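Asker: In the numbering used here, the protein residues as written are 170 to 386.
By construction, the Cβ of each residue, glycine as well, lies at the ideal position given by its N, Cα and C atoms.
Since we're looking at a predicted model, the values are computed, not measured.
Structure incoming, see below.
Here it is as structure tokens:
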């Protein structure tokens, strides 16, 4: 079970690393440009076809697209992300023998209970059941530490997953904020169009009133 203990230690280290906000690391590990310029996938480039952007959005969420770009541009972030993904594989590999061991023993104790019920002599059946309950208790006490370690790994996995999600959210929030600021549409052209609508509405209403008066006469 040494591998399982090592996993707990690795998860703890990763939690400490991923708990740091990307904004706290902009001056060191994370490249400033990543958080101070418009993301490539959102850049307002006239040569980029809007249809291709929409197709990309359907295949993957915008957060996934932004986070993927961040991973491609930031080697430190990419290394941390790979470590998290690799740990999941290592965890599964390290628990294979433990899970098989637990399943096998559980099957045995379940069979013991069923088979002992077939003893016709009630006194002998009761004595046998009590004896095997004691034997099972000894077994369960013997794997207490392994079971506890497996539970701890499950909790730490959930905790790391939460922080992995938070890391993606905070990193992409910084990226989308730059897009919101640098690519904000100019209001003036919209206002001009609105004014044209108002003028044309006024002219059509005026023309309609003139025609109506002529018809009434």
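Classify residue 341: buried if its beta carbon has 16 or more other beta carbons within 10 angstroms, exposed otherwise.
Answerer: For this step, residue 341 is matched to residue 172 along the chain shown. Buried: at least 16 other Cβ atoms inside 10 Å.
Asker: Where does residue 208 fall in DSSP's three states?
Answerer: Your numbering for residue 208 matches position 39 in the chain shown. Residue 208: coil per DSSP, three-state reduction.
Asker: Quick one, which of 268, 211, 374 has its alpha-carbon nearest residue 318's?
Answerer: Taking the first residue of the chain shown as 1, we reach residue 318 at position 149. Considering only alpha carbons, the answer is 268.
Asker: Return the CA-CA distance between residue 212 and residue 312, expressed in angstroms with no decimal places.
Answerer: Position 43 of the chain shown, counting from 1, holds the residue named residue 212. Position 143 of the chain shown, counting from 1, holds the residue named residue 312. About 57 Å.
Asker: Starting from the N-terminal side, write out each stretch of the beta strand (DSSP E) that is 3 residues or longer and does not extend beyond the region 309-337.
Answerer: Fully enclosed beta strand (DSSP E) runs of 3 or longer: not present.
Asker: Quick one: Cα of residue 281 to Cα of residue 326, how far?
Answerer: Here residue 281 refers to the residue found at position 112 when the chain shown is read from its first residue. Here residue 326 refers to the residue found at position 157 when the chain shown is read from its first residue. Taking the Cα positions, residue 281 is about 34 Å away from residue 326.
Asker: CA-CA distance, residue 349 and residue 207?
Answerer: On the chain shown, position 180 is the one that residue 349 refers to. On the chain shown, position 38 is the one that residue 207 refers to. C-alpha separation (whole angstroms): 9 Å.
Asker: By the DSSP assignment, the alpha helix (DSSP H) with residue 276 in it spans what residues?
Answerer: Taking the chain shown and counting its residues from 1, one reaches residue 276 at position 107. First-last of the alpha helix (DSSP H) with residue 276: 244-285.
Asker: Round the Cβ separation of residue 210 and residue 238 to the nearest angstrom and send it over; I've been treating them as touching at under 8 Å.
Answerer: Residue numbering aside, residue 210 sits at position 41 when the chain shown is read from its first letter. Residue numbering aside, residue 238 sits at position 69 when the chain shown is read from its first letter. The Cβ separation is near 6 Å, so the contact holds.
Asker: Report buried or exposed for residue 400, applying the criterion of at least 16 other Cβ atoms within 10 angstroms of its Cβ.
Answerer: The question about residue 400 has no answer, for the chain in this structure spans 170 to 386.
Asker: Given a cut-off of 8 Å on the beta-carbon distance, is the pair residue 250 and residue 264 in contact?
Answerer: Stepping through the chain shown from its first residue, residue 250 is reached at position 81. Stepping through the chain shown from its first residue, residue 264 is reached at position 95. Result no, Cβ atoms of residue 250 and residue 264 do not sit closer than 8 Å.
Asker: Does residue 291 come out as helix, strand or coil in the three-state DSSP assignment?
Answerer: If you number the chain shown from 1, residue 291 lands on position 122. Residue state, collapsed to three classes: helix.
Asker: Going by DSSP in three states, residue 218 sits in which element: helix, strand or coil?
Answerer: Here residue 218 refers to the residue found at position 49 of the chain shown. Summary for residue 218: the model assigns pLDDT 46, below 50, so the residue's position carries little reliability, and this model does not support an answer.
Asker: Just mark residue 306 as buried or exposed, buried being the case when its beta carbon has 16 or more other beta carbons within 10 Å.
Answerer: To locate residue 306, count along the chain shown from 1; it is residue 137. Residue 306 should be labelled exposed.
Asker: Shortest alpha-carbon distance to residue 235 belongs to which of 363, 343, 299, 298?
Answerer: Translated into the one-based positions of the chain shown, residue 235 becomes position 66. Nearest of 363, 343, 299, 298 to residue 235, Cα basis: 343.
Asker: Judging by CA-CA distance, which residue of 275, 292, 338, 371 is the nearest neighbour of residue 231?
Answerer: For this step, residue 231 is matched to residue 62 along the chain shown. Of 275, 292, 338, 371, the residue nearest in Cα terms is 338.
Asker: Taking only three categories from DSSP, how would you classify residue 353?
Answerer: In the chain shown, the residue the question calls residue 353 occupies position 184. If DSSP states are grouped into helix, strand and coil, residue 353 belongs with coil.
Asker: Can you grab the Cα-Cα spacing for the pair residue 164 / residue 328, in whole Å?
Answerer: The structure shown does not extend to residue 164, since the chain spans only 170 to 386, so no value can be given for it.
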